[in-house]
Amino acid sequence: MQPVIRHVVWSVLVPAAVGSVAAMGICLWWVPGGEKVPTPIRNTRLYQAVHHPPVPVSSPLVLPSAPVPAAPSLPVSSAHDPIATREALNLPSFAPLVHQVIPAVVNISVSRGSPPTDDEPSTQPKTPAARKVVPIPAPHRRHRRQKHHTVRPADDDLTGAGSGFVVDASGIIVTNRHVIGHASRIMVSLSDGRSLKARSLGEDPMTDIAVIKVDSPTPLPSVTWGDSRQVEIGDWILVAGNPFGFGSSVTAGIVSAVGRDLGSGALDDFMQLDAPINPGNSGGPAFNLQGQVVAMNAAIASPSDGSVGIGFGIPSEIVAPVVESIRKTGHVEHGWLGVTLNDASAPMWVEDVDPHGAAWQGGLRKKDAILAIGDVPVHDARTVLRSVAAAHPGTVFNFTIRREGKEMTLPVTLGKRPVADF
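The sequence shown maps to residues 2 to 423 in the working numbering.
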């Protein structure tokens, strides 16, 4: 056994021990940079593998952090410069637009006499967007209540405050009818600090639009109309007015929806805005980014008396023609057909006809299917009634109908909408 043990010691254990001691010496001799390592050792595969690994070596327990984009840094000189800060952060500013349009926005305050009694006929409109600021008891105030909110006019009952905007340098001002309704005195505060007495030129109960005028010795700043038909959902909007009677104020937001139906009448076609609109903003303008009026603030939907980001404006395509008619004649006449239409199924059909109305005189009868007006196909009652209400009495509408399987065209001359229909 001894020769075998002696052979194992000298052939295995001794070389292993010598190699370990040599390796420890080399490791102790190495320093960063390898300045004291002899050239023969540097050329060994062991040295090259340790100091020049083929792949980067990192801890398997630490994940490499994702690159974090650096926040935009501002020059020290511009740290307190709001314009430079805004440009560096690429934030939009409405300041140039505000400077352009705000001189034409006015604050309106009214004084009123006694409200009509229950025995007196009330001219208060039926539309939720056309309610007045008349201080009648709450049960008589017409608000369109839903399950979780109430659609109410954006006026201020407590202060009798509202808004308006100048559309002609001679002093022509547009506002809501419910702002100045039943007013015994109307005062307009201009952007230059002057306060002028105004008089009413006329109003339209159906659209809740009124026109007033002030006499100024100098021309007033004015704004122009934009085309609300070009407005798209998501467009920026700037709203100006007199919220809660605090005075001139602006808010901004986007167009949330178009063509909103609040159940207020044939011309119900509101633009929904998310810019804050509060009591006192009624009659104020909503501008596009070109500084043109594309809507007039009229109502809000809210569970309280303040804004929750759901406001409604009357599109300029409705307001502008009404204003022009009031300026010329002092009133507005709307077309009238005198039918009840049912669009629950296609095609739309006539459910009832007023024997004294324009439709009857033009030949429309019950159960007639309405296919088109002129060359334009129609599929819903709202489109027909809105087209009729927007037209003047005396306008001829060519209705394409189907009666008992036969198609025919009937020229119908529109009548004048009765006042009771407002």
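For every residue, glycine included, the Cβ atom is placed at its ideal position computed from N, Cα and C.
Predicted model, so just to flag it, every value in this text is computed and none were measured.
- If you draw a straight line from the Cα of Val324 to the Cα of Gln293, it is about 16 Å long.
- Pairing Pro206 with Arg178, the inter-Cα distance amounts to about 7 Å.
- Closest in C-alpha terms to Ser192, from the list Gly242, Asp228, Val351, comes Gly242.
- DSSP, read as helix, strand or coil, puts Arg261 in strand.
- Taking a contact to require three or more Cβ pairs closer than 8 Å, the region 251-267 and the region 213-226 do not qualify as touching.
- In the DSSP assignment, Gln273 falls within the unbroken beta strand (DSSP E) covering 271-274.
- For Pro286, the uninterrupted beta strand (DSSP E) segment begins and ends at 286-288.
- Beta-bridge pairing by DSSP links Val111 to Ile187.
- Short of 6 Å from the beta carbon of Ile311, and not among the five residues preceding or following it, lie these beta carbons of its own chain, in chain order: Ala302.
- In this structure, Val340 sits away from Lys368, with a CB-CB distance that is not shorter than 8 Å.
- Contact between Ile238 and Leu274 holds: their C-beta atoms lie close to 6 Å from each other, under 8 Å.
- In the three-state reduction of the DSSP assignment, Phe245 falls in the helix class.
- Taken through DSSP and simplified to helix, strand or coil, Gly266 comes out as coil.
- Counting only unbroken stretches of 3 or more residues, the beta strand (DSSP E) elements lying wholly within the region 346-417 are 350-354, 370-374, 397-404, 407-414, in sequence order.
- Distance from the CA atom of Ser190 to the CA atom of Val111, rounded to whole angstroms, is 11 Å.
- Rounded to whole angstroms, the gap between the alpha carbons of Val175 and Val167 is 7 Å.
- Sequence-distant Cβ neighbours of Asp344 in its own chain, meaning closer than 6 Å and more than five residues away, are Asp381, Ala382.
- Following the DSSP letters along the chain, one finds Ala170 in no beta strand (DSSP E), marked with neither H nor E.
- Checking the DSSP bridge columns, you'll see Val102 has no partner listed.
- By the 16-neighbour rule on beta-carbons within 10 angstroms, Ala170 is exposed.
- From the listed residues Ala258, Gly266, Leu365, the smallest Cα separation to Ser388 is found for Gly266.
- Taking C-beta atoms as the reference points, Val377 and Val385 fail to come closer than 8 Å.
- Following the DSSP letters along the chain, one finds Ser196 inside the beta strand (DSSP E) bounded by residues 196-205.
- Taking each of Pro348, Ser346, Leu342 in turn and checking the Cα distance to Val354, the smallest one comes out for Leu342.
- 8 Å or more divides the Cβ of Val320 from the Cβ of Met272.
- Residues of the same chain with a CB within less than 7 Å of the CB of Ala391, apart from the 5 flanking positions on each side, are Leu268 in chain order.
- Rounded to the nearest whole angstrom, the C-alpha separation of Val295 and Ile315 is 8 Å.
- Arg418 counts as buried, since at least 16 other C-beta atoms from the protein chains shown sit within 10 angstroms of its C-beta.
- Between Val212 and Leu221, the gap from beta carbon to beta carbon reaches 8 Å or more.
- Ser326 sits in a helix when the DSSP states are folded into three classes.
- Partner residues in the beta bridge of Asn177, as assigned by DSSP, are Ile210.
- Annotation for Asn343: the continuous beta strand (DSSP E) segment containing it runs 340-343.
- Glu204 and Pro412 have their C-alpha atoms roughly 31 Å apart.
- Just measuring C-alpha positions, the residue of Gly331, Pro348, Arg328, Leu415 sitting nearest Gly364 is Leu415.
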